[in-house]
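For reference, the structure discussed in these notes is given below.
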Amino acid sequence: MSLRQCEKCSEMVDEAKAFCPACSNPFVSEMQRTETSEFELSGSTIEFSKTAYNLLLSDMGLNISEPADVSKPPAEDLVPEPERDIQKQPSAGLVKWIAFGGAVVLFLLLLAAALIFFVS
Amino acid sequence: MPREIKNHEQIIEAFRNVDIVSELVEKLPNGEFRNELDMDIILFGRRYRAGKVGPYARLLEFLPGEIIVQERTWESSIFYVLVKGRLEASITEQNQQFKKVGEIPEGSSFGEMALLSGTPRSATVAVAAGDDPALVLEFTRPALRLLRKLPEFGRSLDRNYRSYGLSLTLNELKDFTHLKLDSGLMKRLNDAARFAVYEKDHVLFHEGDPINRIVFVRNGWIERASGAAFNPRAADLLLDGEDTGGLDFLGAGSCLGLHAVEKPGDWKYTATVRGRAEVIEIAVSRLREEKEMSAAVLPILRKSAGPDDSQKPSPPVDKRVLTATGREIETGVVDGINLLVMDMAKCIRCGNCSLACHKVHGHTRLTRRGIHIERPVKPNSIHIQSVLIPSVCMHCQDPECLTGCPTGAIARFPGGEIDIEPSTCIGCGDCATQCPYNAISMIPVGKGSERTAAKSGFAKFRSAFSLHQAELPAPVTQSENLLAVKCNLCKNTGMNPPGSKRAAYSCEENCPTGALVRVNPHEYFDEINNTIGLIQRSKTHAIGENIHKFDLWATIWHVIGAAMVLIGGGLAVWATYTFSQDIPFGPNTWVTMRWLTGLTGLASILWVMAYPARKQIYRRRAGALRYWMLSHVYIGVLAAVLIFVHGGTSSGGLLTSLLMISFDLVIASGLFGGLCYLIVPRLMTRIEREPLLLEDLQARREELRAQLVRASEQTNNEDLNQVIRIDIRRTFLGLGYLFRQYIRKEDLNTMLADARSQFRGAAENMSRVDEARLMEAVESAATLRRIDALCYLHNLLKVWLAPHVLFTSLMLVLMAIHIVQVIYFNVR
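Taken in sequence, the protein lines are chains A and P.
Okay, so the first sequence: first residue is 20 according to our numbering, each after it adds one.
Okay, so the second sequence: first residue is 221 according to our numbering, each after it adds one.
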């Protein structure tokens, strides 16, 4: 078994290893990125994309991509549209239970009526 | 049982003979120990004011054949170092045969993998049979904190953890896929790979980076996002936006970057670690160079689950599912091995779960506040399940509460539960501070009876019917002698007596509607189950049954109950019509339909009355209360039909008339209560969204009322005062606005925006300060009505019970007199 010295931790390790068992340093050659990303250009700062930035601004009622339309009333004066969210619809489970409860009550009423009719 | 060696010299000598821990007992040239304090605590323990801390190590002698570590047990608060002897590691294969997988060299540590990763023991370690006894140093978890300061031990622990982790995962992969891989190829694969642990928010790779390593996720959660290469954390924002782009989550067992072995390429997305993750990284260049190895290994990796990641992640089918998945991962609830969940549409807010916990443990460990998740039952479904994960221990896979305990009192026990040993807990509160879910409470020792004033019998009776909040005990202070308590899955209680096959939890057993259940989150949340690779699905978890998806016994009760009511009731009516009510069935018998219906009705009532009796049994198993509740309802309805038939059309004398009226009132109040239980929780959940306790609502109501009074008192503007005192009250505090809450069930923000717009005109001529005051008053009044609506619903769930119980009591007394009367006249 031939050994080599890890450049990072100076440990003597088996040459067959692709990574140093002591410090995980890679011994195999790895390709590096050639194109620089928008994020890397800005160093360690956090940069939001135009979309995400606009999203933040629009949450505050602002939008820098378009000039403000002064002819429109403020957002709060608009009558809120009913939500199209499908969560809003009554759940089928509830309907099922109401139907079941109704059937039971109806059954009891019918039973009482039948009793009065036949037994008397 | 191993023999413990307590001789100090022998213990110090054993430490001296093991390289990785010998630094602990190293001496300075002046003869003193270099790490005297740590050594003292680890080896012999120290007594402080609060109690004894340590020792954290024991020197044990195991006999040949004796087992030290048992495979697949959850106990993971101990690790070992072999001082002298020969230890063999073996695993159980799928055909239940033992297979030796290696030997532990002298001076090496073992058992730390389960301790650090929170997984069950992966192998059995025993002393080689026919050999000499083995000397082993046993360490409890707190020793790690001190031993890691020793450079040699720290290096060794790190290296062993990665080495074991790598070998273990590769072996698991091989075994799971049933593919052949000889030891030579395994060695080469081991050489080409590394084991790495990443913390939350670590970026594994960015979109566009060349693929140099295949990533196999052993443990943890990965978020894949495309189009967010600039900042992976901005992926959270994408969820809220209109355009979600490519975003999804992957769990353990997924393998990324496989396509790059055949054709070099770039990552199509950015992968970020969401929660602590353990991964295996295999050098792609090695797989390309060694064709024989890649031909053997790639089928294994492909067989493990995972999406095709040669393309960008596709936009979600249902964004709500993705949001729910993100929240389940982000909050960490998916990493609980035994999670308590409450389906809020079924929860009738009775508090019986907390009471049951209190009855079993002497103090409740269950608070109905916690993490709330809204999730579609399946993609694009209209059914939204509102799940509350209360602040109760979920027995995390990687528990933070264990890290700081100075005595090792809190630990994971063989059943998988994390529990606190009261005899060693010194009440320091470290575990309670560390727990991110607020699931550990500090209670004063031995002062329970002093903190709650004793109640007289009448006061107890009154409080049973009261809608007011019970008086809370005085808050705990640091000066008291404290003890940490938490959920221990009702282990060592009457709920789980020795030899019981099924685990039972007092909270779950005593929930009358089945709203509360303990589950394995990986299986309970379908969206999470879909992210987990196949290899991880075979893992053992300490779990309950998911009755929210399908409850077999409840279904059986519904079918039998409905059949009983329809067939039994129908039969009684038909027989009464056919045979008449008071004509005996034959010449030599006294049995009539009135007798038959009376006796079966009485039997049904006796069964129905068993429910309140069962409700008083908290400390031992007596069948899940939810099934008793179903039987109470169905047999109660059957009893109603039978007694109606029994009574017939003639009301009889005063006693039977009163009895019939009281019986009608019991049935009517019971049916009303049943309907309340069905409708109110669902309605309440739709209105409140985030589950709220009645006491929180009441406290907020008082605050808002005070705010409204202040708003009108603080202003000098007579117009504003007029608007607040008259217009706002008339608009929001009337019946109309109350009913609007129940009918529209709108989101609070939408409702407030609408409320503000109603008073925008009145604010036009006011100063900015007055306008702000007006809007604040508007919001307070509208919110107050929302809270009123919720409080009334809470009360509705309770208010029917008092008349139901009173009418039942009256009915039982009258029924007893009626029975005595009937027996007396028949005997005479």
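Just so it is clear, CB atoms sit at the ideal spot from N, CA and C, and this is done for glycine as well.
Which residue from the options puts its Cα closest to that of residue i?
i	options	result
Ile557 of chain P	P:Gly546, P:Glu908 and P:Met614	P:Met614
Gly331 of chain P	P:Ala412, P:Asn380, P:Leu355 and P:Val493	P:Asn380
Ala982 of chain P	P:Tyr725, P:Lys407 and P:Ile944	P:Ile944
Ile609 of chain P	P:Thr587, P:Val245, P:Val321 and P:Met406	P:Thr587
Gly466 of chain P	P:His422, P:Lys532, P:Arg522 and P:Thr344	P:Lys532
Met163 of chain P	P:Arg840, P:Ile948 and P:Lys523	The first residue shown for chain P is 221 and the last is 1048, placing residue 163 of chain P beyond what the model contains.
Gly628 of chain P	P:Cys616, P:Leu940 and P:Cys651	P:Cys651
Ala37 of chain A	P:Thr339, P:Ala503 and P:Val423	P:Ala503
Gly843 of chain P	P:Asp529, P:Trp827, P:Asn730 and P:Val1033	P:Asn730
Val612 of chain P	P:Glu910, P:Ser1000 and P:Val737	P:Val737
Arg1005 of chain P	P:Met813, P:Asn937, P:Glu922 and P:Gln934	P:Glu922
Asn701 of chain P	P:Glu728, P:Ala659 and P:Gly647	P:Gly647
Val423 of chain P	P:Pro807, P:Met406 and P:Glu443	P:Glu443
Thr543 of chain P	P:Ile604, P:Glu509 and P:Val517	P:Ile604
Asn1015 of chain P	P:Thr545, P:Cys573, P:Lys369 and P:Val900	P:Val900
Thr490 of chain P	P:Asn941, P:Glu910, P:Asp378 and P:His426	P:His426
Ile837 of chain P	P:Leu895, P:Ala795, P:Trp1020 and P:Asn572	P:Asn572
Leu393 of chain P	P:Met333, P:Ala516, P:Asp468 and P:Val238	P:Ala516
Which residues does DSSP list as the beta-bridge partners of residue i?
i	result
Arg223 of chain P	P:Glu281
Thr344 of chain P	P:Ser310
Val481 of chain P	None, per the DSSP bridge assignment.
Asn701 of chain P	The partner list for Asn701 of chain P (beta bridge, DSSP) is empty, contrary to what the question assumes.
Glu443 of chain P	P:Phe469 and P:Thr492
Cys616 of chain P	P:Gly556
Taking residue i and residue j to be in contact with their CB atoms under 8 Å, please state how far apart those CB atoms are, rounded to whole angstroms.
i	j	result
Cys1052 of chain P	Cys707 of chain P	No information on residue 1052 of chain P is available, as it lies outside the stretch 221 to 1048 that chain P covers here.
Ala346 of chain P	Val321 of chain P	With a Cβ gap of about 12 Å, Ala346 of chain P and Val321 of chain P do not count as contacting.
Tyr744 of chain P	Val541 of chain P	No, Tyr744 of chain P and Val541 of chain P are not in contact; Cβ-Cβ is about 14 Å, not under 8 Å.
Gly305 of chain P	Leu386 of chain P	Not really, about 26 Å apart at Cβ, beyond 8 Å.
Quick check: what's the CA-CA separation for residue i versus residue j?
i	j	result
Phe39 of chain A	Gln24 of chain A	First, the amino acid is wrong: residue 39 of chain A is Cys here, not Phe. Between Cys39 of chain A and Gln24 of chain A, the C-alpha separation is close to 9 Å.
Asn969 of chain P	Ser376 of chain P	56 Å
Tyr384 of chain P	Phe436 of chain P	16 Å
Met971 of chain P	Glu991 of chain P	19 Å
Leu917 of chain P	Tyr1012 of chain P	11 Å
Phe450 of chain P	Pro430 of chain P	Model confidence at Phe450 of chain P stands at a pLDDT of 47, short of 50, so the residue's coordinates are unreliable; what they give is reported in the following sentence. Near 16 Å, if we compare the C-alpha coordinates of Pro430 of chain P and Phe450 of chain P.
Lys272 of chain P	Gly265 of chain P	7 Å
Val98 of chain A	Ser601 of chain P	Confidence at Val98 of chain A is low in this model, with a pLDDT of 48, below 50, so the placement of that residue should be treated as unreliable; the coordinate-derived value is given next. Cα-Cα distance, rounded: 28 Å.
Arg547 of chain P	Ser606 of chain P	13 Å
Leu1030 of chain P	Ser889 of chain P	14 Å
Glu233 of chain P	Val245 of chain P	9 Å
Arg722 of chain P	Ile520 of chain P	36 Å
Pro222 of chain P	Ser514 of chain P	46 Å
Gly788 of chain P	Leu862 of chain P	8 Å
Ile311 of chain P	Thr820 of chain P	60 Å
Ser297 of chain P	Thr492 of chain P	30 Å
Asn227 of chain P	Phe282 of chain P	16 Å
Ala679 of chain P	Leu791 of chain P	47 Å
Ala1036 of chain P	Thr713 of chain P	39 Å
Ile748 of chain P	Asp421 of chain P	19 Å
Leu367 of chain P	Ile262 of chain P	9 Å
Trp777 of chain P	Gly677 of chain P	37 Å
Cys577 of chain P	Tyr797 of chain P	51 Å
Leu357 of chain P	Phe235 of chain P	8 Å
Asp378 of chain P	Val301 of chain P	15 Å
Pro484 of chain P	Pro45 of chain A	19 Å
Thr809 of chain P	Thr733 of chain P	45 Å
Arg52 of chain A	Trp487 of chain P	11 Å
Please decide whether residue i counts as near chain C, where near means a Cβ-Cβ distance under 8 Å.
i	result
Gly677 of chain P	Given the protein chain composition of this structure (A and P), no chain C is represented.
Any heavy atom of the ligand ADP within a distance shorter than 7 Å of the CB on residue i?
i	result
Phe979 of chain P	The model depicted lacks the ligand ADP and carries no ligand whatsoever.
Quiz item: So does the stretch 564 to 583 of chain P actually touch the stretch 621 to 638 of chain P, counting three or more Cβ pairs closer than 8 Å?
Solution: no
Exercise. Could you tell me whether the stretch 497 to 504 of chain P touches the stretch 560 to 567 of chain P, where touching means 3 or more Cβ pairs closer than 8 Å?
Key: no
Quiz item: If we count Cβ pairs, one from each stretch, closer than 8 Å, do we get three or more for the stretch 361 to 368 of chain P versus the stretch 280 to 294 of chain P?
Solution: no
Quiz item: Do the stretch 851 to 871 of chain P and the stretch 781 to 789 of chain P meet, that is, are 3 or more Cβ pairs less than 8 Å apart?
Solution: yes
Quiz item: Taking three-plus beta-carbon pairs below 8 Å as touching, is the stretch 271 to 283 of chain P in contact with the stretch 317 to 325 of chain P?
Solution: no
Quiz item: Do the stretch 998 to 1012 of chain P and the stretch 957 to 969 of chain P meet, that is, are 3 or more Cβ pairs less than 8 Å apart?
Solution: yes
Quiz prompt | At least three beta-carbon pairs within less than 8 Å, the stretch 817 to 833 of chain P to the stretch 862 to 875 of chain P | solution = yes
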